[in-house]
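Number of protein chains: 4
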Amino acid sequence: MSSNSFGKLFTVTTFGESHGPAIGGVVDGCPPGLPLEPAMFLHDLERRATGRSRHTSQRHEADEVEILSGVYEGRTTGTPIALLIRNTDARSKDYAAIAQTFRPGHADYTYWHKYGIRDPRGGGRASARETTVRVAAGVIAKAWLARRHGVRVRGYLAQLGELVPKGFDWEAVEQNPFFWPHAAQVPELERYMDALRKSGDSVGARVNVVAEGVPPGWGEPVYGKLDAELAAALMSINAVKGVEIGDGFAAVGQRGSEHRDELQMDGFTSNHAGGILGGISTGQPILASAAFKPTSSILIPGRSVDMEGHAVDVVTKGRHDPCVGIRATPIVEAMVALVLMDQALRHRAQCADVGDMAPRIA
Amino acid sequence: MSSNSFGKLFTVTTFGESHGPAIGGVVDGCPPGLPLEPAMFLHDLERRATGRSRHTSQRHEADEVEILSGVYEGRTTGTPIALLIRNTDARSKDYAAIAQTFRPGHADYTYWHKYGIRDPRGGGRASARETTVRVAAGVIAKAWLARRHGVRVRGYLAQLGELVPKGFDWEAVEQNPFFWPHAAQVPELERYMDALRKSGDSVGARVNVVAEGVPPGWGEPVYGKLDAELAAALMSINAVKGVEIGDGFAAVGQRGSEHRDELQMDGFTSNHAGGILGGISTGQPILASAAFKPTSSILIPGRSVDMEGHAVDVVTKGRHDPCVGIRATPIVEAMVALVLMDQALRHRAQCADVGDMAPRIA
Amino acid sequence: MSSNSFGKLFTVTTFGESHGPAIGGVVDGCPPGLPLEPAMFLHDLERRATGRSRHTSQRHEADEVEILSGVYEGRTTGTPIALLIRNTDARSKDYAAIAQTFRPGHADYTYWHKYGIRDPRGGGRASARETTVRVAAGVIAKAWLARRHGVRVRGYLAQLGELVPKGFDWEAVEQNPFFWPHAAQVPELERYMDALRKSGDSVGARVNVVAEGVPPGWGEPVYGKLDAELAAALMSINAVKGVEIGDGFAAVGQRGSEHRDELQMDGFTSNHAGGILGGISTGQPILASAAFKPTSSILIPGRSVDMEGHAVDVVTKGRHDPCVGIRATPIVEAMVALVLMDQALRHRAQCADVGDMAPRIA
Amino acid sequence: MSSNSFGKLFTVTTFGESHGPAIGGVVDGCPPGLPLEPAMFLHDLERRATGRSRHTSQRHEADEVEILSGVYEGRTTGTPIALLIRNTDARSKDYAAIAQTFRPGHADYTYWHKYGIRDPRGGGRASARETTVRVAAGVIAKAWLARRHGVRVRGYLAQLGELVPKGFDWEAVEQNPFFWPHAAQVPELERYMDALRKSGDSVGARVNVVAEGVPPGWGEPVYGKLDAELAAALMSINAVKGVEIGDGFAAVGQRGSEHRDELQMDGFTSNHAGGILGGISTGQPILASAAFKPTSSILIPGRSVDMEGHAVDVVTKGRHDPCVGIRATPIVEAMVALVLMDQALRHRAQCADVGDMAPRIA
């Protein structure tokens, strides 16, 4: 598979630069018969979009999805589904100044070394604009997972800089621009972000995702483990520097008697494993977490070099997020959904003949 | 690619169960002309082996590698290299008791759900015995990386339960059975492990790996990013629950002005990124870290159910590691080497024509 | 890789239905720096297009290629190149009559069985309209092969029904609407096709392709052999029923002393092998041939059944080619170019270190 | 996937050189629960083996298959099945003479150019000995196809040099060493082969294969078409120069009214298509055919060059088949079975939800 494609049987190929004419993708391997129409993309694209609050980038993209193929009379046909999203609010002149230099913390330097040429406008292919297509593809995966298996994939912001939630309520998550699970803290977050923006700096974040309803058996040992593919999926998102499944790094300090999840007739007694053992789902909720680094595009000058090898100071103007993790929640959900759908299809390919042979645990 | 294969151009396919007749693998895509002989496997297999100190499992495997193909007169020929390792010290009777039950924290339950059948002897395919083949394949990758690119991949134990290194010295790492980078702490670690073993419990660990000499440009955006593939590689190792690149989760609490690595004429001023930006290597050392959960095979009884659905207590006898993370260092190194070699080959496929066009930074 | 993608390192993913809003594709893995602009697609798309003579379908498509990504300031950047072609002359009403029935010799019946749903308009995804994108992707491959390796890929019509060329001249091929290599026969071909069209019937054809300038060494044994991939590439073209490399089926009746190509100091003495031995190119011209069946869409009624299971007679109206093989020459060339470029990239990934060690033969 | 692997979900990876210590392979993706034991390999390996009559090579290999993994208590477990076959009758000294030269018609020249190194003993990796593993893997695929879907895959020799069958009887095929479908001609074939052997020359052959019981719906448009994958599978077999599906090249001279298979209530009226339309199976028997070139290893001297670039005469001693096509029948069957099983698994991954919606035709 090429490196702009993701997934083995449910394969998403994306294309497009931040300031090119369009971004888009081809979703291949979707089973036939799934109801699909453009309106279905609106909710998650809106959740991911910039410009919806003062706490994110002020670029305003229409994010209108045109379905070019693979759907007939409102249902998928089993043929590739092409999605096209025109770029409508690119301001490439913001980037003229940095075309000859390398912004610290950005992919400018590495793209140049790899390819010897790069599209400097808005970060080109390395821009988080590409994740719009992931979210759109994730909408298809979420729809199939929900309809066929009753799976629900939901995420929330679990840390913003030093701040952590002091309570948890799924209801709250969708009612504030931070995907924060505790409503009472929202004013505090707003003040925190306002101060950050004024300082011209940025901050990191942690996003947690929970997938409920995944049956036991999904995941392919030993290199296509469900957790290994989730790790790749989340680490492939721009700015992610760490991934955890279940207890993650906290497991380092735990004892085996504490970490291992015991089984009783009515189910597991705990979920330290995050719903995955030996790379295969246990039937418990899948728990994954991603660490987002602070945005490198900040107003505080940074030292760098230009393409002639001279020392320069870089100030990143453009329109940027002071915390990329905020809008990342739907992206993380989408990547988890893509992995789950792919594994679901792979599972039935190989294991369709296996009945329910193990004792069911609630 | 099937899920028992790893890598796109340098592809390793492994096979074998813990207590089956043999384990082994096929290494496909190794360039021709690389010197290779069985003795080259000894060092890393010895480092990974059980039974070398009282702090690991007491299973004694010969781990003798037979090269079945792909090498002619001491050099690789470009054809697939098959490696065979006979199992010589399997004690399957230890497992008779658990053939009808599901050990908590193990893959027994999930394999049964997925496949409807499982080889219970020694954990079958889910056993860490499989990682022997990864280490052997990693030897080939390390040899090619060193010879062709001067790359060196080294790991060490960065945390054992609550204990963290109080100093750092690469020399120390290979001189104690823990791969611990600070010699003065070794007696403390021995006492810690002795006490743990007596308690019948186990503990988690963190392994860090550093790859030096990787040139800028390796890694394929956007789904074949170097960090994404490292994440999958490390998370695919038995018992790993978390992966970090560079600062990892610490980045969540950082500011952009702190995290971003600035560039000067003599190089980067820091390496928070862990040597990867936009999924592509920067030329700095690659830094990766993996969290290992505490072994689930402990002497303390755990609650479970059997295949008839009755509640049972499980005590895992067999011969197990009280801390799987200890022997994991060469496994982590091997997986990093496999990813790097694969990316190196992919890089020259697409970018062989790109000269050294960017300003070199020391 | 998904089944709407072709190629391992130079990967082409196509999408689109004959009468949907658009067709297109994503070309991933093209090395950076290749000059590319929309005008480069005109020549080959014009050669493949319908409606250029009375001997092909009278559908008139603009076949205007929009490059959506992967090109910056006239050069490829190494990121995915998305190509979009809007459908402009679809007459779906022609197909209303056959929405409930299965045209003999078409994919209607099989798509319905596979997917349970199908887009009946113009054959949907099974239409040869999809090959437009193959030709566009082939333009990129041809350009790279020519520029980087001096490779030239050319095809011609080698048989039309019972007619075979009575002479051979590359110059003639591009000067008649049949890609026929002997100019003197063109009037005969025109009469032949006129008579065929009047009869409401169709006829088969054979297309030969020659790739010159391929260096020795391309092709990967044993399942990625150059000839095996050419066979898959050509057989994947609509209506192809047979593929030959070199002497092909004629080799069945040959003796070894006749077939094997001997080597002398100034090169091979013959090319029965078609430029491939053991799945690897020899340095001689690559010779491949494809058999096209006669179009199934003819005016002569055919017996079939409808979706309710009743017997019906089918007359295919629409606008169809009386010989699909005629326009197939650029499609065959494109597929050969895609295979060669992919193998060229794969070769340098694995064998870049191999110098010119074998004795050169002119 | 690497080029020593075949298949997307049912993946066979082979390894081994003709005169190395062993050949073998890893079969990954076999569904769990299939009965499998070493004795099941005997029949097809015996059919493929050399030395069973005077008309094939006189190398006598035991071809004993050791199952190293993936089977527990006589059933597949869903984990990779490793197969090992030791080489027991390699006579490498026969090849000393040709280590420095390139045999005409062989892969010596091309392997040398590609890899810069080659194992000259017995043709190394390019030897047809590799096909032993294909046949073994094919046994697994045939067993699953028969048990799960009632599919039967059978082949026969359809042409030997100039000779064609004058009658057809499946019973006859397995009762003569030629897989010839007309018993009365066997004495003629024996005389033909005896004369050929005496002349020191070799001859080509055609093998046909028929797969019965394949349900409609297998095959993935547009690049994973069933016929495209069959073409790759057959063309990947040593010495194959052409592949046909259904009428193959005969379709070139046919009219559409003749070629298209009409449908009636009791089924198709003909099978010119060979059971495949639009790349998807129709439910009719799959018909495929492969052309084998005459062996290049003959006693008649051939001109060549050596590695120093001097002109030489080559006489191939060793032990060779005067017609490789004779023993190829089980190899062709195996490759067809591998393709069908892979497509069957892929079909149920994507289309498991599709019921029997189309009108059934007997």
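Chains as they are written, first to last, in this note's numbering: chain A, 1 to 362; chain B, 363 to 724; chain C, 725 to 1086; chain D, 1087 to 1448.
Heads up, the beta-carbon is just placed ideally off N, CA and C, and yes, glycines get one too.
Note that the structure is predicted; figures quoted are calculated from it, not measured.
Among the options, which one has its Cα closest to the Cα of residue i?
i                : options                                    : result
valine 1391/D    : Trp904/C, Thr1019/C, Gln988/C              : Gln988/C
arginine 491/B   : His381/B, Gly575/B, Gln537/B               : His381/B
valine 676/B     : Ala158/A, Asp108/A, Ser257/A, Thr295/A     : Ser257/A
valine 946/C     : Met1421/D, Glu1159/D, Thr1402/D, Gln1271/D : Met1421/D
threonine 1217/D : Gly1110/D, His1396/D, Pro1408/D, Leu1373/D : Gly1110/D
valine 1295/D    : Arg1432/D, Thr1163/D, Phe1092/D, Val1418/D : Val1418/D
arginine 421/B   : Ile429/B, Glu428/B, Arg410/B               : Arg410/B
Compare the C-beta of residue i with all C-beta atoms of chain B and state if any pair is closer than 8 angstroms.
i                   : result
alanine 362/A       : Note on alanine 362/A: pLDDT 44, under 50, position unreliable in the model; the coordinate value appears next. So, not an interface residue.
phenylalanine 178/A : no
Taking Cβ-Cβ distances shorter than 7 angstroms, what residues in chain B pair up with residue i?
i              : result
leucine 1069/C : Ala711, Gln712
proline 1107/D : Leu430
Quick one: list the residues of chain C neighbouring residue i, beta-carbon separation under 7 angstroms, in chain order.
i            : result
valine 339/A : Chain C residues near valine 339/A: none, gap ~16 angstroms exceeds 7 angstroms.
What does residue i touch in chain B if you count any residue whose Cβ is under 8 angstroms from its own?
i             : result
glycine 802/C : Gln712, Cys713
According to DSSP, is residue i helix, strand or coil?
i                   : result
glutamine 159/A     : strand
serine 365/B        : coil
arginine 421/B      : coil
cysteine 323/A      : coil
alanine 1086/C      : Summary for alanine 1086/C: the model assigns pLDDT 44, below 50, so the residue's position carries little reliability; its value from the coordinates is reported in the next sentence. Coil, per DSSP.
aspartate 752/C     : strand
serine 1013/C       : strand
phenylalanine 973/C : helix
arginine 322/B      : No answer is possible for residue 322/B: the residues shown for chain B start at 363 and end at 724.
lysine 225/A        : coil
threonine 365/A     : For residue 365/A there is no data in the structure shown, the boundaries of chain A being 1 and 362.
Is there a Cβ of chain C sitting closer than 8 angstroms to that of residue i, yes or no?
i                : result
threonine 1366/D : In the sequence under discussion, the amino acid at residue 1366/D is isoleucine, which differs from the threonine named in the question. Chain C contact via Cβ: present.
glutamate 17/A   : yes
threonine 13/A   : yes
asparagine 4/A   : yes
valine 1308/D    : yes
By the criterion of Cβ-Cβ separation under 9 angstroms, what are the contact partners of residue i in chain A?
i                : result
isoleucine 841/C : Pro32, Gly33, Tyr72, Glu73, Arg75, Thr76, Thr77, Gly78
Counting only Cβ pairs nearer than 8 angstroms, list the residues of chain D close to residue i.
i                : result
lysine 922/C     : The contacting residues do not exist; lysine 922/C stays about 13 angstroms from chain D at best.
isoleucine 969/C : Met1321, Lys1327, Gly1328
Counting only Cβ pairs nearer than 9 angstroms, list the residues of chain D close to residue i.
i                : result
methionine 764/C : Here the premise fails: no neighbours, minimum Cβ distance about 23 angstroms.
leucine 9/A      : Lys1094, Leu1095, Arg1432, Ala1435, Gln1436
Report the neighbours of residue i on chain C: residues whose CB is nearer than 9 angstroms to its CB, in chain order.
i            : result
valine 716/B : Pro755, Pro756, Gly757, Gly802
Taking residue i as the query, report the chain C residues whose CB atoms sit under 8 angstroms from its CB, ordered along the chain.
i            : result
alanine 82/A : Phe739, Gly740, Ala746, Gly748
lysine 317/A : What lysine 317/A touches in chain C: nothing, since even the nearest Cβ is about 21 angstroms away.
How would you list, in chain order, the residues of chain A whose beta-carbon sits under 7 angstroms from the beta-carbon of residue i?
i              : result
arginine 617/B : Asp201, Ser202, Val203, Pro294
Along chain A, in chain order, which residues have C-beta atoms closer than 8 angstroms to that of residue i?
i               : result
histidine 621/B : Gly105, Gly204, Lys293, Pro294, Ser296
Any beta-carbon of chain D closer than 8 angstroms to the one on residue i?
i               : result
aspartate 406/B : no
Q) When you check each C-beta in the region 517-530 of chain B against every C-beta of chain A, which residues fall closer than 7 angstroms? A) Gln521, Gly523, Glu524
Q: Please list the residues of the region 772-799 of chain C that have a C-beta atom closer than 9 angstroms to any C-beta atom in chain A, keeping them in chain order.
A: Glu790, Ile791, Leu792, Ser793, Gly794, Val795, Tyr796, Glu797, Arg799
Q | Short-range partners of chain B found in the region 295-310 of chain A, where Cβ spacing is below 9 angstroms | A | Thr295, Ser296, Ser297, Ile298, Ile300, Gly302, Arg303, Ser304, Val305, Asp306, Met307, Glu308, Gly309, His310
Q: Closer than 8 angstroms, Cβ to Cβ, to anything on chain B: give me those residues from the region 1209-1242 of chain D, in chain order.
A: Gly1210, Arg1211
**Q.** Contacting positions in the region 985-996 of chain C - beta carbon closer than 9 angstroms to chain D
**A.** Asp985, Glu986, Leu987, Gln988, Met989, Phe992, Thr993, His996
Q: Identify each residue in the region 95-117 of chain A for which the Cβ-Cβ distance to at least one residue of chain C is less than 9 angstroms, and report them in chain order.
A: Tyr111, Lys114, Tyr115, Gly116, Ile117
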